[in-house]
Structure formats: structure tokens, C-alpha cells
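>
Protein chains in written order, with the numbering used here: chain Z, 26 to 111; chain X, 15 to 171.
1. Is any non-hydrogen atom of the ligand MN found closer than 7 Å to the C-beta of residue 144 of chain X, if you look at the structure I gave you?
2. Thinking C-alpha only, which one of X:66, X:92, X:54 and X:81 is nearest residue 30 of chain X?
3. Would you list the residues sitting across from residue 106 of chain Z in a DSSP beta bridge?
4. Starting from residue 131 of chain X, find everything on chain Z with Cβ-Cβ shorter than 9 Å and list it in chain order.
5. Taking Cβ-Cβ distances below 7 Å as the criterion, which residues of the region 143-165 of chain X are in contact with chain A?
6. Here's the rule I'm using: 16 or more other beta-carbon atoms within 10 Å means buried, otherwise exposed. How should residue 70 of chain Z be labelled?
7. Within 8 Å, do at least three Cβ pairs link the region 94-104 of chain Z to the region 34-52 of chain Z?
8. Mapping DSSP to helix, strand and coil, what is residue 45 of chain X?
9. Could you give the DSSP three-state label for residue 117 of chain X: helix, strand or coil?
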């Protein structure tokens, strides 16, 4: 019996900063979508605020797409990029 | 179900609604946040675009359903668990659209200073009205996040 192992590519969901959205709103959305605690969500929000971007999730492409779509649905800008470390 | 009623000043808010509605109408066909996907995801962007526009339209409709007969007679709008999230999203989308259009000529630092002081003496009349809408939508978000934080659902039900 042979077993085929397919190595699936890993992707990042990158949350992008904007200068308009209320910070407490962004923190609430990050908590809601990703299950972060307040501290983690705030850390990502501040990282995006200071650096323009924050990687909020890493994993399979299908899931990454779902997360990025949800961020966009809440009007938080997001993009997908391959995780080059994987 | 937890419900929060807010009494607003009809003379202050009613004149803003026409402009907010005009901006809302623009969001029927334009995303508040342009998609940031790469060129290789063009097909995905096309599919998402339609779904996101539909969601945006529904959220804006929920926001405008607040301004019903009760609002125009009593000045009262009511938030509950059913409308909190769509109204939060609608306010976010509308604020982004105001910033990208009616308030586009105001530098970030000037806008921040205006928000902090809630004054708008330096703006022309049209920008003053847009800024008033921008701040009003922010106030609605603040109220919902303070009293109906969607993350607190499990805690009080």
C-alpha cells in the first residue's frame, strides 16, 4: 500500500491598517473573528497601526480565504500572502 | 434580549440623514474598503466583490431602519443584539466612504485634531456637514461598543 502525502501550501492572513476605523472596533472584530483575547487583539491592532500590517493568522489557503473575506466584510482591509517559512 | 434606546436630537440628526443616505447609495456599487488581493486572485476578488457589496447594502439598510417613525416623533433609536453588528459595520463602511470622498482633502493630522476637539470652524460648509456625519456615525459605534459589545453576548445571555 502506498500513501501519498501532499504538502499543502501555507498562507498568511495580513490585517492592514487604515487611519479611519475606530481602534476599539478593530479590536472587537479581531476578537470576534479569530477568538483572540483582548490583549492579543490589541497587540495586532497596534502592530498594524505602527507598521501598516499585522499577520493575524497562518494556515491552509481555504481557511485563510475565509478569514480574509470576513475581515473585509467588517470593512477591515486584509490580504493573503504565501508563508515563505513553510 | 438586551435593548438600548438612545434619544437623539431630531433637529441635529435629521439634516444629516440625507447626506448619509447619499453616501450609503454610493456603497450600493462601491466597496468601502477596496479589495487588497494580488493580481493572481482576480477571480476570487470578482466573486468576493459581489458578496461583499450585498452584505454592505444589507448593513446600510439596517442602519436606516433605525430612523423610522419613532425616531421622527420621539427622537429615539433602539439597538439590540439583532441590529448591533450590521449597524456597527454600516457605520464603519460609511465613515470610510466619507473619508475617501467628502473629507478626502483634509490631511490625517488635521482630521485627528478636529475629531479630538469636535470643532469644525476651519472647514467649508459642505465639509462641515460631512464631518458632522462622520462624527455622528462614530458616536453610534461608540454607543453600541459600550452597551452592546458583540463580544459580551455570552456574558449576559
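Cβ coordinates follow ideal geometry from the N, Cα and C atoms, glycine included.
Reading from the atomic positions:
1. For the structure depicted, the ligand MN is absent and the ligand set is empty, with no information on it obtainable.
2. X:81
3. Z:37
4. Here the premise fails: no neighbours, minimum Cβ distance about 17 Å.
5. Of the chains in the structure shown, none is chain A; the protein chains are Z and X.
6. buried
7. yes
8. coil
9. coil
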